[in-house]
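Only one structure is covered here, and it is reproduced in the block below.
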Amino acid sequence: MHKEFLMGNAAIAMGAIAAGLNLVCGYPGTPSTEVLETAAKNNNGRLYVEWSVNEKAAMELGAGAAYSGARTMVTMKQVGLNVAADPLMSLEYIGIKGGMVIMVADDPGPISSQTEQDTRHFASFPKLPCFDPSTVQEAYEMIQEAFEYSEKYKTPVFFRPTTRVCHGYASINVKDSDEYKTNTPEGFVKDSSKWVIFPRISYNAHMNIEKRNSMLSDIFSEYKRNIITPAENSCRKGIVSHGISYTYVQEALKNNEKPSVMKISTPFPFPEKLALEFMKNLDEVLCIEELDPVIERELIYVCGKYHLNTKILGKLTGNVKTAGENTCDSVYKNIAEFMGWDIPECETPETPPLPARPPVLCAGCPHRASFYAVKTAMKGEKTVFCGDIGCYTLGNAMPLDMVDTCLCMGAGVNIAQGIGKIEPDTKCFSFVGDSTFFASAITGAVNAVYNQADMTLIVLDNSTTAMTGHQPHPGTGKTMMGQIVDKISIENILKGIGLETVETVNPLELEKAVETVKRVSSEKGVKAVIFKSPCAVLIKPESPAVIDENKCINCKKCINSLGCPALVISDGKIKIDGSLCTGCGLCSQVCPVNAIGGEK
Amino acid sequence: MNKNILLTGVGGQGIVLTSKLIAAAAMEKGYDVMSAETIGMAQKGGSVFSFLRIGEDLHSPMFGEKQADIIIAFEPAEAVRMISYLKDDGFAIVNTRPVMPVTSALKSGNYNAETMLEYLRKNIKNLITVDGENACRETGSPKALNMIMLGSAVKSGVLPFSIEEIIKIMEKTVKPQFAEMNKKALLWA
Numbered sequence: 000m001h002k003e004f005l006m007g008n009a010a011i012a013m014g015a016i017a018a019g020l021n022l023v024c025g026y027p028g029t030p031s032t033e034v035l036e037t038a039a040k041n042n043n044g045r046l047y048v049e050w051s052v053n054e055k056a057a058m059e060l061g062a063g064a065a066y067s068g069a070r071t072m073v074t075m076k077q078v079g080l081n082v083a084a085d086p087l088m089s090l091e092y093i094g095i096k097g098g099m100v101i102m103v104a105d106d107p108g109p110i111s112s113q114t115e116q117d118t119r120h121f122a123s124f125p126k127l128p129c130f131d132p133s134t135v136q137e138a139y140e141m142i143q144e145a146f147e148y149s150e151k152y153k154t155p156v157f158f159r160p161t162t163r164v165c166h167g168y169a170s171i172n173v174k175d176s177d178e179y180k181t182n183t184p185e186g187f188v189k190d191s192s193k194w195v196i197f198p199r200i201s202y203n204a205h206m207n208i209e210k211r212n213s214m215l216s217d218i219f220s221e222y223k224r225n226i227i228t229p230a231e232n233s234c235r236k237g238i239v240s241h242g243i244s245y246t247y248v249q250e251a252l253k254n255n256e257k258p259s260v261m262k263i264s265t266p267f268p269f270p271e272k273l274a275l276e277f278m279k280n281l282d283e284v285l286c287i288e289e290l291d292p293v294i295e296r297e298l299i300y301v302c303g304k305y306h307l308n309t310k311i312l313g314k315l316t317g318n319v320k321t322a323g324e325n326t327c328d329s330v331y332k333n334i335a336e337f338m339g340w341d342i343p344e345c346e347t348p349e350t351p352p353l354p355a356r357p358p359v360l361c362a363g364c365p366h367r368a369s370f371y372a373v374k375t376a377m378k379g380e381k382t383v384f385c386g387d388i389g390c391y392t393l394g395n396a397m398p399l400d401m402v403d404t405c406l407c408m409g410a411g412v413n414i415a416q417g418i419g420k421i422e423p424d425t426k427c428f429s430f431v432g433d434s435t436f437f438a439s440a441i442t443g444a445v446n447a448v449y450n451q452a453d454m455t456l457i458v459l460d461n462s463t464t465a466m467t468g469h470q471p472h473p474g475t476g477k478t479m480m481g482q483i484v485d486k487i488s489i490e491n492i493l494k495g496i497g498l499e500t501v502e503t504v505n506p507l508e509l510e511k512a513v514e515t516v517k518r519v520s521s522e523k524g525v526k527a528v529i530f531k532s533p534c535a536v537l538i539k540p541e542s543p544a545v546i547d548e549n550k551c552i553n554c555k556k557c558i559n560s561l562g563c564p565a566l567v568i569s570d571g572k573i574k575i576d577g578s579l580c581t582g583c584g585l586c587s588q589v590c591p592v593n594a595i596g597g598e599k
Numbered sequence: 000m001n002k003n004i005l006l007t008g009v010g011g012q013g014i015v016l017t018s019k020l021i022a023a024a025a026m027e028k029g030y031d032v033m034s035a036e037t038i039g040m041a042q043k044g045g046s047v048f049s050f051l052r053i054g055e056d057l058h059s060p061m062f063g064e065k066q067a068d069i070i071i072a073f074e075p076a077e078a079v080r081m082i083s084y085l086k087d088d089g090f091a092i093v094n095t096r097p098v099m100p101v102t103s104a105l106k107s108g109n110y111n112a113e114t115m116l117e118y119l120r121k122n123i124k125n126l127i128t129v130d131g132e133n134a135c136r137e138t139g140s141p142k143a144l145n146m147i148m149l150g151s152a153v154k155s156g157v158l159p160f161s162i163e164e165i166i167k168i169m170e171k172t173v174k175p176q177f178a179e180m181n182k183k184a185l186l187w188a
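Protein chains in written order, with numbering that gives the first Met the number 0: chain A, 0 to 599; chain B, 0 to 188.
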């Protein structure tokens with residue numbers, strides 16, 4: 000054992016490695032990404048690491064490895080679980096041989112997600128055991144236990160931290176490498192009565208799952224991380240919490256009278272006996288949860304089943320807010336109201352108006368040029384611009400204002416198709432990044448071609464997965480095992496599925512880009528423009544542009560049409576912030592009087 | 000011993016690195032450490048914070064309002080944004096040089112740094128202002144701001160270690176070619 004200062008996601012990865020991990024795969028997504036990246040960085044030579052093309056592919060790969068006796072971890076964010084839901088629902092009926100942990104990071108807030116879906120809630124749908132850690136140290140230990148439970152009960156299990164655990168840091172006790180477990184997979188053993196899903200098999204499997212989960216509910220009632228801390232006095236009130244919120248409860252109770260507290264680390268199967276024991280002598284229980292009232296509903300169920308008079312308070316009774324993340328302050332207030340404590344006045348004198356600092360596309364980002372080219376080419380036309388998930392969602396901000404819809408990974412292609420079917424006089428565009436294209440827009444493109452859509456597909460190819468921190472994908476020619484492989488060509492894919500027009504152009508060559516969009520979009524059917532230019536963060540910047548003050552007429556066209564953070568106004572004049580400018584040259588092509596050029 | 004520390008500023012100012020350095024110095028002295036910070040989309044040009052806790056009986060990496068023993072603010076408006084976290088008798092180390100939002104050229108996002116500083120002077124008992132730009136010039140590098148702020152924070156006496164201890168940790172963590180410049184910046188205060 001020794002101490003290390005680790006990020007929660009790193010602790011999860013190191014814990015999994017200590018548990019004898021053989022294979023880890025996933026698809027990047029905040030706040031889950033660093034788990035796989037840390038595992039790859041600490042690969043001891045016994046580990047296969049892969050960024051899969053999407054979460055469904057990762058889940059199936061993980062299943063195959065676990066069938067073969069490997070200890071397997073599949074990582075994703077909560078919305079990625081939706082993509083992987085199809086294989087997962089069936090996988091629970093089939094079961095596994097090697098321990099399989101599905102690491103799904105939830106994002107209360109949401110801080111960087113489309114939804115506030117709760118994986119604890121999701122767990123009850125495929126009926127998978129679910130582990131919910133509160134701290135970085137607990138995440139490190141609990142993931143090792145999750146592998147043990149998974150293997151013992153032959154079922155994949157969920158491990159679901161939230162953002163504040165994933166991205167929190169702590170000095171924690173970790174094992175030395177000679178304390179690590181090793182797991183040598185037995186290999187796949189053929190047995191069609193076991194590994195092939197059929198209705199008859201599923202019926203029996205369903206019976207077994209229900210039996211096992213009822214047993215697990217009892218076993219989890221004894222699990223050391225489902226804990227009751229009794230009240231210090233004869234207080235007949237209790238608090239139940241989980242995850243990071245449990246630490247906020249601990250903070251709130253530090254210097255105050257302590258009611259009974261129960262921590263739930265396995266929301267499914269719910270430790271019913273423990274809950275019954277907890278509520279036996281309580282009049283009122285407050286549930287402090289993030290996202291859905293999962294524990295709260297379970298407690299209400301237990302009360303009904305055992306005819307308890309305990310009053311259950313929480314989100315369903317309006318005592319705790321129903322959306323967003325909890326904080327130390329919000330939890331303190333919830334508990335103070337419940338316990339009847341005085342709430343100290345915490346008024347800060349009214350502050351002067353504070354500047355907003357919204358996220359923007361970086362200076363030199365090629366997406367800015369792509370959006371501007373399409374905007375310029377389509378001036379005066381009736382258009383719809385369907386966006387997608389990635390940095391380029393930021394193209395919605397003023398002055399570009401080029402994202403009319405955004406739903407989920409890869410959705411833009413068929414949303415554009417759908418709008419076009421109802422509004423045939425509208426020119427419909429779909430913008431999709433390269434990683435998102437591989438992840439889930441190819442199917443959409445096939446659908447659009449087959450069903451005779453009339454639309455322009457714009458692929459924003461910056462040769463990386465930029466938003467989540469530059470992970471490789473099939474178009475980059477690199478894998479997480481460090482191999483250099485053939486790049487899969489987006490152009491060839493599109494041509495292969497039947498697009499007659501697929502043009503590739505550098506968006507930073509503005510005139511050519513505009514002309515290409517005009518020409519291509521005037522054709523019938525599905526056609527594509529691939530805007531190819533590397534992510535500005537990954538390339539060495541050119542020397543910054545400079546403004547010739549004698550030529551500049553201060554018309555602000557550069558600022559008002561591009562919104563580049565390197566274009567600033569100082570003492571009433573337009574200036575270029577040399578520390579930000581990458582010399583991409585877009586503004587010099589927009590300037591009507593040629594006042595912007597290279598370094599003097 | 001328990002200390003709650005809040006670092007705040009704008010993405011790109013070196014806040015996360017400073018937080019890591021304080022954590023390493025605390026661990027070296029045998030304290031437990033927890034921290035939580037902004038990661039992801041907000042990093043570039045956005046408001047960035049890092050909650051850092053040192054000591055015993057730590058549960059949550061974040062803390063509530065009026066809990067910070069010290070706020071190290073790399074930017075005056077960001078100091079104002081986070082002031083509610085400062086204890087009444089807490090210290091605030093504030094860089095007086097504003098960073099205008101990247102969108103300020105588009106709309107009237109500009110603000111007056113003096114208004115922010117006036118507010119801070121009025122509402123913080125233990126305020127230490129640092130002219131970061133000037134200090135960077137004196138130490139010879141625009142990249143030294145984070146070490147200048149950290150050095151000023153150590154000088155306030157709130158953090159549980161000396162400037163020598165921080166320098167030792169810094170020399171272990173940063174690339175050797177930056178060690179001399181960082182040392183100069185840490186000692187600037």
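Backbone N, C-alpha and C fix where the C-beta goes; we use that ideal spot for every residue, glycine too.
Among the options, which residue has its Cα nearest to the Cα of residue i?
i, options, result
"T263 of chain B", "B:S103, B:L20, B:M99", "Look at the range of chain B in this structure, 0 to 188, and you will see that residue 263 of chain B is not part of it."
"I168 of chain B", "B:T128, B:A25, B:G139, B:G13", "B:A25"
"T500 of chain A", "A:V82, A:K517, A:L509", "A:K517"
"A444 of chain A", "A:A410, A:I243, A:D460", "A:A410"
"M33 of chain B", "A:S51, A:V164, A:V34, A:I93", "A:V164"
"A69 of chain A", "A:D106, A:E502, A:A15, A:S170", "A:A15"
"E288 of chain A", "A:L315, A:E271, A:Y305", "A:L315"
"A452 of chain A", "A:D433, A:D424, A:K257", "A:D424"
"K28 of chain B", "B:L158, B:E74, B:W187", "B:L158"
"S170 of chain A", "A:F4, A:L353, A:A527", "A:F4"
According to DSSP, is residue i part of a helix, a strand, or is it coil?
i, result
"K599 of chain A", "For K599 of chain A, the predicted structure reports a pLDDT of 45, less than 50, and the residue's modelled location is therefore unreliable. A value from the coordinates is still provided. Looking at K599 of chain A - three-state DSSP - the assignment turns out to be coil, as it is neither helix nor strand."
"S569 of chain A", "strand"
"K556 of chain A", "helix"
"F277 of chain A", "helix"
"I162 of chain B", "helix"
"L16 of chain B", "helix"
"K378 of chain A", "coil"
Give the range of the alpha helix (DSSP H) segment to which residue i is assigned.
i, result
"T515 of chain A", "509-520"
"H205 of chain A", "198-220"
"A76 of chain B", "75-80"
"Y449 of chain A", "441-449"
"D328 of chain A", "327-338"
So if DSSP puts residue i in a beta bridge, which residue, or which two residues, is it bridged to?
i, result
"I227 of chain A", "A:M261"
"H1 of chain A", "A:V173"
"M33 of chain B", "A:A169, B:R52"
"I69 of chain B", "B:I4, B:F90"
"K236 of chain A", "A:E283"
"K531 of chain A", "A:D460"
Note down, in chain order, each residue of its chain lying with its Cβ closer than 8 Å to the Cβ of residue i, except the 5 sequence neighbours on either side.
i, result
"K599 of chain A", "Low confidence applies here, because K599 of chain A scores a pLDDT of 45, under 50, leaving its location unreliable; read the following figure in that light. Taken in chain order, the residues that qualify are V545."
"G108 of chain A", "E115, T162, G323, E324"
Could you pull the start and end residues of the beta strand (DSSP E) that residue i belongs to?
i, result
"I171 of chain A", "167-173"
"F384 of chain A", "382-385"
"S603 of chain A", "Look at the range of chain A in this structure, 0 to 599, and you will see that residue 603 of chain A is not part of it."
"G25 of chain A", "22-25"
Tell me which residues share the same chain as residue i and place their Cβ nearer than 6 Å to its Cβ, disregarding the 5 neighbours each side in the sequence.
i, result
"F370 of chain A", "G394, L399, M401"
"Y179 of chain A", "A17"
"E185 of chain A", "G68"
"M408 of chain A", "I388, T435, A438, S439"
"A178 of chain B", "E170"
"A62 of chain A", "L90"
Tell me which same chain residues have a C-beta within less than 7 Å of the C-beta of residue i, skipping the five on either side of it?
i, result
"I575 of chain A", "P543, A544, V545, I546, A565, L566"
"I294 of chain A", "V239, H241, I263, P266, C286, E288"
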